[in-house]
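The sequence shown begins at 14 in the numbering used here and counts up by one.
The C-beta atom is built at its ideal place from N, Cα and C for all residues, glycine as well.
Everything on this sheet refers to the single structure shown next.
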Amino acid sequence: MTDMSASQTKRYATAGDYVQLLKPRIMMLVVFTAVSGLVAAVGVTGQPINPIMAAIATLSIALGSGAAGAINMWYDSDIDQIMTRTSTRPIPSGAVPREEALAMGLIMSGVSVMLMWLASNWLAAGLLAFSIFYYGVIYTMWLKRSTPQNIVIGGGAGAFPPVIGWAAVTGNTPLDAWILFAIIFFWTPPHFWALSLLAHGEYEKAGVPMLPVTHGAKATRNQILLYTILLVPLAMTPLLTGLGGWLYGAVAGVLGLVFLSYAVRVWRSHAGDKGAAPADMKLAKGMFLFSILYLFLVFAALIVEHAFGLYFPVKVF
């Protein structure tokens, strides 16, 4: 790894630096999708969960997400230093020592899994442990630096939270839980590749084999469109199993069409190409930002349906 000591200016760490190690924006999305799985499990199965136990399970998932983020920042501190948008993170900026971030991540991992086991069951705890390992080791230490499919395969780590939430309630993971997993899994590539079209120069400088770096912007735009085409109908499958009702169907349907519209326009544009027009790059940024809203509102619809008595299923099988 690159010796960062010569280029760092030592500064004192703040509470904000330690919060940043946990990747709070990712953590919020992880917790939200986990809660949706938990609430949907209660609504679909009718199996109640003690509110205190539910709160502890949710806290466990938040701690596990933060632990994986700290491990990621520990391992990636060399490339974070090279990339402009990540050079001010706590480790490359000199605020937090690498070994301190690693210790924080490992301790939080153990605490989160233990809390989940005590609050719910061994299956939810095991899935949480595996998701931390998936992101911290399989994605961060292996996939990210070795293959342009890093986001596709590594996306599984971020898709586990609703499955963990479901398992925390029921002690099992039925088809509905894995449908939620699949929605996040197929959402991740168009979401992240839209961002990579904007930051491909940074990844190239850091030697990270993101798809725009290894295969070019056009291939990336093709893949964005392909995964969006797969995602939109997949997001409607909860209507077939009874997981989602009319409200969910309306939200997922309308937002899916908007998402697909973005993907088609990005595909037709020159976003990510050398000398691409500002409007094309703005379009890619717009798709990236909308993708976050899409996932939030789709999973919010599930929570609203099952938590507030607005669940009217359209069950086919």
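Report the rounded CA-to-CA distance for residue i versus residue j, giving the unit in angstroms.
i: residue 21; j: residue 270; result: In this predicted model, residue 21 has a pLDDT of only 48, less than 50, meaning its place in the structure is not dependable; the value taken from the coordinates is given anyway. Straight-line Cα distance between these residues: approximately 47 Å.
i: residue 186; j: residue 290; result: 46 Å
i: residue 60; j: residue 49; result: 15 Å
i: residue 195; j: residue 295; result: 28 Å
i: residue 120; j: residue 113; result: 11 Å
i: residue 134; j: residue 232; result: 44 Å
i: residue 175; j: residue 241; result: 21 Å
i: residue 39; j: residue 288; result: 31 Å
i: residue 172; j: residue 184; result: 18 Å
i: residue 36; j: residue 83; result: 8 Å
i: residue 224; j: residue 282; result: 17 Å
i: residue 17; j: residue 86; result: At residue 17, the pLDDT of 45 sits below 50, so the modelled position is not reliable; the number obtained from the coordinates is stated separately. So the alpha carbons of these two residues sit roughly 14 Å apart.
i: residue 107; j: residue 123; result: 26 Å
i: residue 104; j: residue 110; result: 6 Å
i: residue 228; j: residue 301; result: 20 Å
i: residue 136; j: residue 256; result: 21 Å
On the criterion of 16 or more Cβ atoms from any shown chain inside 10 Å, does residue i qualify as buried, or is it exposed?
i: residue 65; result: exposed
i: residue 27; result: exposed
i: residue 267; result: exposed
i: residue 201; result: buried
i: residue 306; result: exposed
i: residue 188; result: exposed
i: residue 323; result: exposed
i: residue 29; result: exposed
i: residue 181; result: buried
i: residue 276; result: buried
i: residue 251; result: buried
Out of the options, which one is the CA nearest neighbour of residue i?
i: residue 308; options: 213, 187, 248; result: 248
i: residue 221; options: 315, 161, 283, 59; result: 161
i: residue 314; options: 29, 36, 179, 45; result: 45
i: residue 358; options: 197, 88, 82; result: Because the chain spans 14 through 330 in this model, residue 358 falls outside it and cannot be assessed.
i: residue 168; options: 178, 182, 184, 149; result: 149
i: residue 204; options: 228, 319, 318, 236; result: 236
i: residue 178; options: 311, 140, 111, 170; result: 140
i: residue 318; options: 265, 215, 76; result: 265
i: residue 312; options: 300, 260, 69; result: 260
i: residue 320; options: 57, 34, 153; result: 57
i: residue 230; options: 193, 209, 285; result: 285
Please return the same chain residues whose Cβ sits closer than 7 Å to the Cβ of residue i, not counting the five positions on each side in sequence.
i: residue 212; result: 98
i: residue 9; result: Shown here, the chain extends from 14 to 330; a query on residue 9 therefore has no answer.
If I measure Cβ to Cβ from residue i and keep anything under 6 Å in the same chain, skipping five residues before and after, which residues do I get?
i: residue 138; result: 126, 129, 130
i: residue 316; result: 49, 52
i: residue 157; result: 163
i: residue 15; result: In this prediction, residue 15 scores a pLDDT of 43, lower than 50, which makes its location untrustworthy; no coordinate-derived value is stated.
i: residue 330; result: Annotation note: pLDDT 47 at residue 330 (below 50); position unreliable, no value reported.
Residues in its own chain within less than 8 Å of residue i by CB, not counting five upstream and five downstream?
i: residue 218; result: 95, 96
i: residue 74; result: 43, 44, 47, 125, 129, 141, 174, 177, 178
i: residue 244; result: 196, 199, 200, 203, 269, 272
Would you say the beta carbon of residue i is closer than 7 Å to some non-hydrogen atom of the ligand FAD?
i: residue 312; result: The ligand FAD is not among the ligands present in this structure, which contains no ligands whatsoever.
Let me see if you follow: with CB-CB separation under 8 Å, is residue i close to chain D or not?
i: residue 277; result: The structure shown has no chain D; it contains just one protein chain.
* Asked: What alpha helix (DSSP H) runs, 4 residues minimum, are completely inside the segment 170 to 244?
  -> 174 to 183, 188 to 219, 224 to 227
*asked:* Runs of 4 residues minimum, wholly inside the segment 121 to 152: which ones carry the alpha helix (DSSP H) assignment?
replied: 135 to 146
Could you tell me which whole alpha helix (DSSP H) segments of length 4 or greater appear in the segment 47 to 107? 64 to 88, 90 to 95
| Can you give, in chain order, each stretch of the alpha helix (DSSP H) that sits fully within the segment 243 to 277 and has at least 4 residues? | 251 to 254
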